[in-house]
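For the sequence shown, this note's numbering begins at 109 and goes up steadily by one.
Glycine is no exception: its CB is placed at the ideal position from the N, C-alpha and C atoms.
Quick notes on the structure that follows.
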Amino acid sequence: MESFGTHDGPGIRLVIFLQGCKLKCVYCHNPDTIDMSGGKEYPIEELVEMALKMKSYFGKKGGVTVSGGEPLLQSKELVSFFKRLKEEGIHTNLDTNGRILNHFAKELLDDYTDLVMLDIKHMTEEGFERITGMKNKETTFNLAKHREASGKKMWLRYVLIPNITNHADLLHHMGKYFKNYKTIEKIELQPYHKLGVHKWEALGWEYQLKDARENTEEEIQEAVAILKNYFKEVKIN
């Protein structure tokens, strides 16, 4: 749980990180949430009560963000949770890698999710597999298409890694792919950092990007300049 979060959607938010993810991204800063086991179970009403206690701080923009791990793995349960939040007039946001689009995920997205923050890992199949350890990047883009068809709001998120994702051709590729989407309000760029390395070490896992460097300010601004040609707003997180 993270109360008073300001980097996971609009306004002040209660951020709930769920356990379990099918991907194993090489830069993951929450590797402790990848394992499908572990975590702590919470009754839905207990989570709703947490949100209600914070409601006065949410204002007009804030609300609840569910992240992970990958929250869509628990789509069925999240339908019940988000339904209760909507009954209480609380804004709902889903931070997802778009790996799942089953019946429950569609119900959650279409009926109870005010905002989707979709994490774009890479624009090529080879790059996607290198970053996530899994194949079929199209699952993410299928969710984007579904969200666009629903007419509901969406933000994109993209991690800038020098020599891996921060290439001008990849940024133009992404911009051209999404330039006609009406539902995308902004894209958030997340400059690469190594803040999660100690978590990998604590788990006994080898961190795959230990030789990667952080972006220079000039590189970040060059990426912003490219993406401004395609998106209404480009934000640096």
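Under the 10 Å beta carbon count, K229 is surrounded by 16 or more other beta carbons and is classified as buried. Two segments are said to touch when three or more pairs of C-beta atoms, one from each, lie closer than 8 Å; by this definition the segment 301 to 318 does not touch the segment 248 to 258. As the crow flies, the alpha-carbon of K132 is around 21 Å from that of K148. In the three-state scheme derived from DSSP, where H, G and I count as helix and E and B as strand, I328 is classed as helix. Here T141 carries a helix assignment [DSSP, helix/strand/coil]. Runs of the beta strand (DSSP E) spanning 3 or more residues and lying entirely within the segment 243 to 310 occur at 261 to 268 and 292 to 299, in chain order. Contact between the segment 208 to 218 and the segment 153 to 170 is absent, with fewer than three C-beta pairs closer than 8 Å.
Under the DSSP assignment, R238 falls outside any beta strand (DSSP E), being part of the alpha helix (DSSP H) whose first and last residues are E233 to T240.
Cβ contact annotation for Q316 (same chain, cutoff 6 Å, sequence separation greater than five): V134, in chain order.
Looking at the DSSP output, K343 sits in a beta bridge with E296.
With fewer than 16 other CB atoms across the displayed protein chains lying within 10 angstroms of its CB, K287 is exposed.
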